[in-house]
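Okay, structure first, notes after.
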Amino acid sequence: MDYSQFLAMKQEISLLVVFLLVFFYDTILPKKAQNGIAGFTTLIFGLFTAQSIAYMFCPCSAQDTTAFAGMYVTGPVIMAIKNILNIGVLIVLIQSIKWANGEFMIVRRGEFYELLLVTLFGMYLMISGRHFLIFLIGLESASLPLAAMVAFDKKRYESHEAAVKYLLTAVFSSAIFMMGLSFVYGLAGSLYFTDINLMIFGENSALAVVALAFVIAGIGFKLSLVPFHLWTADVYQGAPTPVTSYLSVISKGATAFAFLVVLIQAFGMFYEEVWQWMLYALIIVTITVGNLFAIRQKNLKRFLAFSSISQAGYIMLGVIAFNATGIASLMYYVLVYIFSNLAAFGVIGAVENATGKVDMDDYNGLSNTNPRLALCMMLAMFSLAGIPPFAGFFSKFFIFAAALQQGSIAIYILVLIALINTIVSLYYYLLVVKAMYIKTEEPCQIPAFRSACSERLGLWISVAGILILGVGAVFYNYLLDLTTSMGLFGSIM
Amino acid sequence: MDATIQILILAIPLFMFLFLGLLGKYLSHKLAGILGTTAMGIVTALAYYTAYLYFFSGDPHFQDGTQRLQYIVFNPVWLEFYGNLHINIGFLLDPISAMMLVVITTISFMVNLYSNAYMRDHHGVFEKGFQRYYAFLALFSFSMLGLVVATNIFQMYIFWELVGASSYLLIGFYYTSPAAVSASKKAFIVTRFADLGFLIGILVLSYYTGVFSFMDFTSAPVEGLADTFKISTDTAAAVLVNKFTASPVPMFMGCSVLTWALVLIFMGGMGKSAMLPLHIWLPDAMEGPTPVSALIHAATMVVAGVYLVARLFPLYLQETAALEIVTVVGALTAFYAAMVACAQVDIKRVLAFSTISQIAFMMVSLGVCRPEYHHGVGYMASMFHLFTHAMFKALLFLGAGALIHAVHSNNYTAMHGLRKYMPVTHWTFLIGCLAIAGIIPFSGFFSKDEILTACGEYSTLVYIWMSAVAALTAFYMFRLYFLIFWWKEHKVHDPHHAPHDQPWCMTLPLIFLALVSCVAGFIPFGDFVTFNGEEHTFDLDWTVAGISLTVALISIAVAAKMYMKENPLPDKMAAALPRLWDWCYHRFYWDELYMFITHRIIFGLVCKPIAWFDRHIIDGTMDAFAAITNKASCAIKGLQSGNVQTYVWVYLIGALLLGTVTYICLL
Numbered sequence: 009m010d011y012s013q014f015l016a017m018k019q020e021i022s023l024l025v026v027f028l029l030v031f032f033y034d035t036i037l038p039k040k041a042q043n044g045i046a047g048f049t050t051l052i053f054g055l056f057t058a059q060s061i062a063y064m065f066c067p068c069s070a071q072d073t074t075a076f077a078g079m080y081v082t083g084p085v086i087m088a089i090k091n092i093l094n095i096g097v098l099i100v101l102i103q104s105i106k107w108a109n110g111e112f113m114i115v116r117r118g119e120f121y122e123l124l125l126v127t128l129f130g131m132y133l134m135i136s137g138r139h140f141l142i143f144l145i146g147l148e149s150a151s152l153p154l155a156a157m158v159a160f161d162k163k164r165y166e167s168h169e170a171a172v173k174y175l176l177t178a179v180f181s182s183a184i185f186m187m188g189l190s191f192v193y194g195l196a197g198s199l200y201f202t203d204i205n206l207m208i209f210g211e212n213s214a215l216a217v218v219a220l221a222f223v224i225a226g227i228g229f230k231l232s233l234v235p236f237h238l239w240t241a242d243v244y245q246g247a248p249t250p251v252t253s254y255l256s257v258i259s260k261g262a263t264a265f266a267f268l269v270v271l272i273q274a275f276g277m278f279y280e281e282v283w284q285w286m287l288y289a290l291i292i293v294t295i296t297v298g299n300l301f302a303i304r305q306k307n308l309k310r311f312l313a314f315s316s317i318s319q320a321g322y323i324m325l326g327v328i329a330f331n332a333t334g335i336a337s338l339m340y341y342v343l344v345y346i347f348s349n350l351a352a353f354g355v356i357g358a359v360e361n362a363t364g365k366v367d368m369d370d371y372n373g374l375s376n377t378n379p380r381l382a383l384c385m386m387l388a389m390f391s392l393a394g395i396p397p398f399a400g401f402f403s404k405f406f407i408f409a410a411a412l413q414q415g416s417i418a419i420y421i422l423v424l425i426a427l428i429n430t431i432v433s434l435y436y437y438l439l440v441v442k443a444m445y446i447k448t449e450e451p452c453q454i455p456a457f458r459s460a461c462s463e464r465l466g467l468w469i470s471v472a473g474i475l476i477l478g479v480g481a482v483f484y485n486y487l488l489d490l491t492t493s494m495g496l497f498g499s500i501m
Numbered sequence: 252m253d254a255t256i257q258i259l260i261l262a263i264p265l266f267m268f269l270f271l272g273l274l275g276k277y278l279s280h281k282l283a284g285i286l287g288t289t290a291m292g293i294v295t296a297l298a299y300y301t302a303y304l305y306f307f308s309g310d311p312h313f314q315d316g317t318q319r320l321q322y323i324v325f326n327p328v329w330l331e332f333y334g335n336l337h338i339n340i341g342f343l344l345d346p347i348s349a350m351m352l353v354v355i356t357t358i359s360f361m362v363n364l365y366s367n368a369y370m371r372d373h374h375g376v377f378e379k380g381f382q383r384y385y386a387f388l389a390l391f392s393f394s395m396l397g398l399v400v401a402t403n404i405f406q407m408y409i410f411w412e413l414v415g416a417s418s419y420l421l422i423g424f425y426y427t428s429p430a431a432v433s434a435s436k437k438a439f440i441v442t443r444f445a446d447l448g449f450l451i452g453i454l455v456l457s458y459y460t461g462v463f464s465f466m467d468f469t470s471a472p473v474e475g476l477a478d479t480f481k482i483s484t485d486t487a488a489a490v491l492v493n494k495f496t497a498s499p500v501p502m503f504m505g506c507s508v509l510t511w512a513l514v515l516i517f518m519g520g521m522g523k524s525a526m527l528p529l530h531i532w533l534p535d536a537m538e539g540p541t542p543v544s545a546l547i548h549a550a551t552m553v554v555a556g557v558y559l560v561a562r563l564f565p566l567y568l569q570e571t572a573a574l575e576i577v578t579v580v581g582a583l584t585a586f587y588a589a590m591v592a593c594a595q596v597d598i599k600r601v602l603a604f605s606t607i608s609q610i611a612f613m614m615v616s617l618g619v620c621r622p623e624y625h626h627g628v629g630y631m632a633s634m635f636h637l638f639t640h641a642m643f644k645a646l647l648f649l650g651a652g653a654l655i656h657a658v659h660s661n662n663y664t665a666m667h668g669l670r671k672y673m674p675v676t677h678w679t680f681l682i683g684c685l686a687i688a689g690i691i692p693f694s695g696f697f698s699k700d701e702i703l704t705a706c707g708e709y710s711t712l713v714y715i716w717m718s719a720v721a722a723l724t725a726f727y728m729f730r731l732y733f734l735i736f737w738w739k740e741h742k743v744h745d746p747h748h749a750p751h752d753q754p755w756c757m758t759l760p761l762i763f764l765a766l767v768s769c770v771a772g773f774i775p776f777g778d779f780v781t782f783n784g785e786e787h788t789f790d791l792d793w794t795v796a797g798i799s800l801t802v803a804l805i806s807i808a809v810a811a812k813m814y815m816k817e818n819p820l821p822d823k824m825a826a827a828l829p830r831l832w833d834w835c836y837h838r839f840y841w842d843e844l845y846m847f848i849t850h851r852i853i854f855g856l857v858c859k860p861i862a863w864f865d866r867h868i869i870d871g872t873m874d875a876f877a878a879i880t881n882k883a884s885c886a887i888k889g890l891q892s893g894n895v896q897t898y899v900w901v902y903l904i905g906a907l908l909l910g911t912v913t914y915i916c917l918l
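Residue numbers (the numbering used here), protein chains in the order written: chain H, 9 to 501; chain R, 252 to 918.
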């Protein structure tokens with residue numbers, strides 16, 4: 009075996025180095041130094057992110073490289089999506105510093121970071137894997153450690169309940185997914201994406217269709233597409249806020265891209281009709297059900313859970329578009345969604361750390377007591393709802409435009425339904441704004457407080473992202489150049 | 252030529268607006284006033300220098316023998332559409348824009364200076380929002396300067412709206428007073444309504460001619476252009492053919508497209524220049540601070556309509572039908588406003604109606620101008636009158652401001668006999684009145700005389716009509732003068748609080764403007780501004796001058812007889828013609844007519860059904876959708892039970908259904 013192949017996995021290796029540094033810090037350094045691990049990890053990860061982004065602009069990385077007999081692929085587009093995830097993880101890390109330094113965390117601080125980095129490693133493998141075995145390893149290592157992370161808030165009952173629910177449903181979903189994979193293997197005799205693509209060409213047997221449905225269900229679980237979404241609300245609500253934000257943006261963003269790769273690479277060219285119709289139905293159900301549930305929520309984390317379900321539906325529009333614009337707009341959507349959702353979670357986390365309140369009614373009149381936090385939250389809601397000058401509008405616009413490029417009447421109807429759902433979503437996002445700015449008759453339940461430096465830094469970055477991405481379409485153009493310059497789907501082959 | 256000076260002329264006021272608007276509240280009141288005034292002083296100097304270069308330097312860019320040329324200082328593309336359709340933002344120098352630069356900056360500087368003292372109370376305490384006031388003044392100066400130097404009609408439109416906006420802001424400066432708020436809204440809505448016509452006119456014009464730029468309208472000799480439009484296309488010069496018309500000329504409702512465009516554009520001018528029937532906003536606009544009235548509602552913004560017609564004059568010459576409309580509207584407005592001005596009590600209202608009437612003079616003068624009558628004297632006279640009127644009307648308004656500041660009332664009933672207490676104000680006001688009445692050697696005499704000459708060349712009827720208006724003008728101005736400064740002795744209860752002349756920064760502008768009004772008439776205006784840029788010396792027509800002088804003197808004598816000493820004659824006159832007096836006093840009930848039209852007809856008959864439709868049909872549909880969404884949301888609540896077993900069950904069913912349904916569909 010040619011061991012130099014490992015050198016192709018530059019980002020993975022760097023991440024591994026980060027992981028090992030954190031691990032040694034945790035295990036070797038004395039207990040007194042443990043207080044510094046949150047800052048240390050953030051710093052190291054920040055350096056890693058900077059290095060990784062800088063490497064993306066190096067001419068030596070402009071080519072696609074494969075390793076391990078085509079099981080692993082990397083290239084400019086893949087590096088870009090990984091860097092988008094890195095930026096998100098960095099913000100999550102910054103926002104969680106205060107939480108991680110809390111009293112109750114005293115023993116297990118390091119573990120939180122190690123688990124987080126391991127899941128990120130798993131997501132990298134999901135994105136880069138071109139063989140279902142690699143993909144499965146990635147999926148599992150991105151799923152199971154999350155159960156431990158969800159359970160981190162040991163003294164809260166909901167945290168345990170959430171972890172158990174997550175674990176049970178995740179295991180079940182993995183079983184279904186693997187069953188689907190075994191069907192695929194039975195049909196194609198190989199687990200390479202490209203082989204599957206060729207072997208099951210024209211195969212409309214019940215076995216093939218069910219295999220595809222199971223694969224979609226398995227990945228749809230992580231994306232929380234309806235009807236595979238039921239764990240989402242309980243887990244988001246029960247998990248500690250940093251874990252929730254990690255689950256809602258990073259896990260979702262990585263899976264969305266991996267899903268795109270699987271569908272296009274393994275079931276793409278010859279089978280697209282089938283999975284497009286499946287996705288079509290899932291998108292409509294996901295957006296609508298997510299919205300309808302979001303309307304009724306009182307707990308903000310639960311509310312954002314349903315909001316993230318319907319957002320996942322919008323992200324899937326980039327997959328169904330099945331073209332280079334779709335890939336670029338999906339990546340852009342994920343980036344914008346990271347900033348918008350993390351701004352919202354940043355505010356929720358700051359308020360929760362200071363006062364322990366997460367209900368929407370507690371936020372009545374927040375603009376009087378904490379005007380800056382209220383402003384951040386409002387910008388986040390505007391961006392999520394897609395109100396013009398903010399980034400969310402452009403990400404929605406680009407993804408709709410990409411889907412419309414496909415040009416069939418069915419897709420027009422789909423986009424129309426998505427648009428109508430945007431109006432519904434506007435209602436519930438504005439409910440939060442209304443609570444903060446208009447329902448000011450009674451004194452606010454949340455007293456004025458000063459949030460920690462780290463929380464403010466995280467919010468600054470997120471809000472800057474919302475505003476800058478709203479003004480400059482440069483980033484989108486950059487992504488579009490990446491995806492189109494490689495030829496249709498060439499970069500992710 | 253270096254464009255730095257011209258850029259600065261626009262950039263300094265804009266910068267001052269941003270600076271005072273954003274950071275003004277951190278400055279002291281005094282400093283803000285000084286900064287605003289100094290900046291305007293610099294702009295004034297730069298504008299004078301530019302005008303000097305244009306008129307006197309003899310630079311071949313500006314002048315070709317006796318022909319004054321249009322010169323574009325800079326003109327970058329601002330918006331690119333397709334083909335050659337683009338919008339530029341630039342700086343055009345030609346006789347009228349150079350003249351307007353001088354007028355605007357002079358008056359604006361005077362007003363800035365004057366406001367330093369005016370916007371305080373008697374103890375020298377500055378009014379609330381003083382910095383905001385200066386910021387708005389700077390915004391107005393910027394917009395007005397941008398308007399006059401516009402190189403194309405679209406730039407003009409943009410700045411046109413900007414002056415409207417700054418006028419709105421300044422009228423509503425005392426935003427705690429309901430009268431000021433409603434006046435500012437009225438001004439904005441009425442002028443905005445008129446601008447709708449302007450915009451449609453621009454669209455029609457640019458759609459059929461494909462050009463926005465003024466250069467394309469006027470760079471060719473006017474007569475040649477007129478010929479081109481009238482004769483068939485094959486003989487016309489190719490350039491002009493392409494730009495102006497296809498054969499046959501498109502028609503709509505019996506008028507050519509050009510007529511429609513020009514009439515619609517003139518509608519915008521009617522709104523800004525307060526021509527009948529869109530004049531109703533100007534008297535109410537007097538709710539703003541008096542220096543603002545002097546700057547915006549007497550000297551500069553309200554003449555924008557005249558300037559617009561003058562700017563597009565080569566086009567108007569091609570469609571004399573549109574010019575006739577201008578004449579008729581102007582003549583009616585002039586007479587109407589003069590009648591109303593005779594019966595007002597509020598001195599600012601008198602001046603407002605006098606402004607309307609004088610602007611109408613300028614409009615008539617443009618309307619009657621034809622190249623064949625005496626070298627187009629009307630155009631020159633109109634611009635001349637614009638110039639002189641700006642000076643003496645600003646003088647009168649600033650004088651009125653000094654009076655109001657002294658007695659705290661707008662009504663002449665609170666004044667009477669002030670001449671002894673306020674000598675400077677008295678003498679300067681008298682000069683203003685003499686100038687507007689047209690008494691030799693004050694400036695108004697010369698410009699008005701040229702206008703009457705132009706009217707006489709055009710038609711005797713218009714001449715007599717406008718002479719009657721001139722007589723009325725002399726009468727109502729001297730009625731005002733006598734009622735303020737004479738009539739009876741001013742009763743002073745406490746000698747310490749007697750009205751007195753104002754501090755130097757209020758009297759200095761009065762004296763300066765009075766001096767200008769004394770000498771401006773002797774400017775040989777024909778050397779600078781003519782309809783085609785050719786220098787031409789216009790001689791005074793002494794028959795016309797003699798008649799108008801006699802008429803004016805008689806009017807003044809009548810006014811003196813009636814108002815110089817307290818006597819029952821005015822009341823008797825009013826009682827003798829009660830109907831006429833009432834109509835004049837109530838401004839011929841125009842406001843009531845508008846109230847009737849808007850409230851009864853538009854609100855009642857048009858808006859109410861639309862509102863009903865909106866409330867019940869549109870809102871109802873939307874409410875129904877919302878209710879359905881809400882119901883659906885309630886109905887599926889049970890799906891999220893919290894049971895892991897159910898979750899897994901739904902998951903499995905979902906996956907299987909997805910597979911089966913798709914499979915069935917594929918079969």
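Don't be surprised by glycine CBs; every beta carbon is placed ideally from N, CA and C.
message: Less than 8 Å between CB atoms is the rule here; does arginine 304 (chain H) satisfy it with respect to chain R?
response: yes
Own chain residues within Cβ distance below 7 Å of phenylalanine 789 (chain R), not counting five before or after: Val628, Met631, Glu701, Gly777
message: Would the segment 430-449 of chain H count as touching the segment 372-379 of chain H if we require 3 or more Cβ pairs under 8 Å?
response: yes
message: Counting beta carbon pairs with one atom in the segment 896-911 of chain R and one in the segment 223-240 of chain H, are three or more of them shorter than 8 Å?
response: A contact exists between the segment 223-240 of chain H and the segment 896-911 of chain R.
- prompt: For the beta strand (DSSP E) that contains isoleucine 325 (chain R), what are its first and last residues?
  reply: Reading the sequence as shown, one finds phenylalanine at residue 325 (chain R) and not isoleucine. Phenylalanine 325 (chain R) -> beta strand (DSSP E) spans 322-325.
task: Let me know the alpha helix (DSSP H) ranges lying completely inside the segment 602-686 of chain R, each 4 residues or longer, listed in chain order.
output: 628-658
- prompt: Does the beta-carbon distance from phenylalanine 643 (chain R) to glycine 683 (chain R) come in below 8 Å?
  reply: Against a cut-off of 8 Å, the Cβ pair of glycine 683 (chain R) and phenylalanine 643 (chain R) comes out as a contact.
query: Do you know offhand how far glutamate 122 (chain H)'s Cα is from leucine 312 (chain H)'s?
result: When rounded, the separation of the alpha-carbon atoms in glutamate 122 (chain H) and leucine 312 (chain H) is 26 Å.
field: Touching by the beta-carbon criterion (3+ pairs, under 8 Å), the segment 649-661 of chain R and the segment 793-812 of chain R
entry: no
message: If you reduce the DSSP assignment to three classes, tell me which class serine 12 (chain H) lands in.
response: helix
- prompt: If you measure from the beta carbon of valine 720 (chain R) to each beta carbon in chain H, is any gap under 8 Å?
  reply: no
message: Can you tell me whether histidine 867 (chain R) is buried or exposed? The criterion is at least 16 other CB atoms within 10 Å of its CB, across all chains shown.
response: exposed
task: Consider the Cβ of tyrosine 836 (chain R): report whether some Cβ of chain H lies at a distance smaller than 8 Å.
output: Closer than 8 Å: no.
- request: Given a cut-off of 8 Å, decide if phenylalanine 693 (chain R) and arginine 806 (chain R) are closer than it, judged by their beta-carbon atoms.
  value: The sequence as given places serine at residue 806 (chain R); arginine does not occur at that position. The answer is no: Cβ separation not under 8 Å.
- request: Determine which residues of the segment 165-188 of chain H have a Cβ less than 8 Å from any Cβ of chain R, and write them out in chain order.
  value: Val172, Lys173, Leu176, Thr177, Phe180, Ser181, Ile184
- prompt: Using a beta-carbon distance cut-off of less than 9 Å, what residues from the segment 362-384 of chain R approach chain H?
  reply: none
field: Outcome for arginine 380 (chain H) when other beta-carbon atoms lying within 10 angstroms are tallied against a minimum of 16
entry: exposed
task: Check the Cβ of leucine 902 (chain R) against every Cβ in chain H and list those closer than 8 Å, keeping chain order.
output: Note that residue 902 (chain R) is tyrosine in the sequence shown, not leucine. Near tyrosine 902 (chain R) (Cβ distances below 8 Å), the residues of chain H are Thr177, Phe180, Ser181, Ile184, Ala225, Phe229, Pro235, Phe236, Leu238.
message: If you measure between the beta carbons of proline 153 (chain H) and threonine 127 (chain H), is that distance less than 8 Å?
response: yes
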